[in-house]
Amino acid sequence: MRHLSFLLGAALLTACGSDPKPADGGSTSAVDSLSLAAVPEWPGYYEDTLLCADCPGILTQLWVRADSSFVLRQRYLDRDTLAHGLIGRWQMVTPNAPGAVPLMTIGQAGDKPDFYRAEAGGLRLVDEMGVAFASNAPYTLEKLAGELEGEIPRMRLTGTFTYMADAMSFRPCGAERSWPCAGGEDLGAEEGELVGSMNGAELERHYLRSVKQGGEPWTIEAECSLDLGPAMEGDGSDEYILIHSILKEGVGCP
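Sequential numbering from 0 applies to the sequence shown in numbering that gives the first Met the number 0.
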């Protein structure tokens with residue numbers, strides 16, 4: 000995974016929530032000494048350009064959701080033609096230090112996460128103790144909206160595609176569930192948004208050429224977007240992962 004890695008050594012963290020989990024594999028305990036007023040309103044949409052060591056910056060978009068999932072989209076300026084994406088589970092942790100404030104972790108499962116501290120108007124990237132980096136470089140993301148539903152633009156995602164009983168699904172690496180899936184042409188996007196997209200029939204044929212039999216998992220890197228589509232069961236809508244093109248086959252999750 001390509002995400003920011005500005006953090007220092009490991010520290011003991013205490014997780015907060017109904018299903019506490021350590022962000023870095025260390026010991027945790029429930030944080031019941033925090034007042035409700037001290038717990039930030041994490042869910043929302045954040046965006047800004049963060050520091051890059053060898054490029055003009057990393058355009059970063061972060062969707063933080065109330066169900067504890069996140070979508071991270073990052074594009075290295077002057078380098079990437081397609082943003083890199085990551086879908087996973089965020090956690091709230093509190094450093095084991097006097098006066099420490101809650102932090103939010105964002106990262107790939109199995110890797111050390113990035114730590115963010117809530118500030119007026121957004122988030123600041125900090126170390127695992129919640130301390131800001133001693134630099135004037137841009138380490139903040141501005142909160143532009145509350146929790147958003149709807150389209151998330153195209154990005155690279157690695158994950159496992161499955162086609163079984165006429166239903167397509169895609170589980171991104173690091174995600175705790177699968178999404179209903181369709182070809183990029185299948186949900187009636189606006190004119191001009193479908194350039195270079197495949198439809199569901201093309202996606203099905205590509206899958207069946209690549210596996211021994213239907214129903215087998217197919218791990219790929221794909222150009223994907225997210226959008227709402229018809230509910231798989233009943234009325235309403237579900238969020239879909241739309242696959243516009245297959246970038247690489249035979250890859251594995253980190």
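C-beta: ideal position from N, C-alpha, C; glycine also.
Counting only runs of 4+ residues fully inside the stretch 73-155, write out the alpha helix (DSSP H) ranges in chain order. none
Report the CB separation of C180 from I242 in whole angstroms; it is logged as a contact under 8 Å. 6 Å
Under the three-state reduction of DSSP, which class applies to A200: helix, strand or coil? helix
Report back the beta-carbon spacing between V125 and Y115 to the nearest angstrom; my notes put them in contact at under 8 Å. 7 Å
Cα-Cα separation between V213 and L85, rounded to whole angstroms: A small fix is needed here, since residue 213 is Gly in this sequence, not Val. Roughly 27 Å between the two C-alpha positions.
Among P39, A164 and E232, which one has its Cα closest to the Cα of M91? P39
Please state the DSSP three-state secondary structure of R170. strand
Does the separation of the CB atoms of Y44 and A164 fall below 8 Å? no
By the 10 Å Cβ neighbour count, where 16 or more other Cβ atoms means buried, how is D66 classified, buried or exposed? exposed
Going straight from the alpha carbon of G98 to that of M128, what length do you get? 11 Å
Excluding the 5 residues flanking E284 on each side, which residues of the same chain have their C-beta closer than 7 Å to its C-beta? Coverage of the chain is limited to positions 0 through 253, which leaves residue 284 absent and any answer about it impossible.
Tell me which residue opens and which closes the beta strand (DSSP E) that W41 is part of. Where W41 is concerned, there is no enclosing beta strand (DSSP E), given that its DSSP letter is neither H nor E.
Quick check on S244: does DSSP put it in helix, strand or coil? strand
Minimum C-alpha distance to R74 - residue among M197, T59 and W217: T59
Compute the Euclidean distance between the alpha carbons of A133 and K142, then round it to the nearest angstrom. 22 Å
From L61, D47 and W62, pick the residue whose C-alpha is nearest to that of P55; which is it? D47
What are the complete beta strand (DSSP E) segments, minimum 3 residues, inside the stretch 202-232? 217-229
Pull up the distance between the alpha-carbon of E232 and that of I105, whole angstroms please. 31 Å
Terminal residues of the beta strand (DSSP E) in which G182 lies: W178 to G182
Ignore the nearest five residues each way along the sequence and tell me which others in D226's own chain have a CB closer than 8 Å to its CB. G149, E150, I151, L186, A188, E238, Y239 and L241
Return the residue from the list G228, E146 and E222 that minimises the CA-CA distance to T80. E222
Report the option in E118, R170 and L76 whose CA atom is closest to the CA atom of C51. L76
Can the beta-carbon of S196 be found closer than 8 Å to that of E184? yes
When DSSP labels each residue in this structure, what does T27 get in the three-state scheme? Unreliable placement is indicated for T27, whose pLDDT of 37 sits below 50; the coordinate value is still reported in the next sentence. Note: T27 maps to coil in three-state DSSP.
Outcome for D113 when other beta-carbon atoms lying within 10 angstroms are tallied against a minimum of 16: buried
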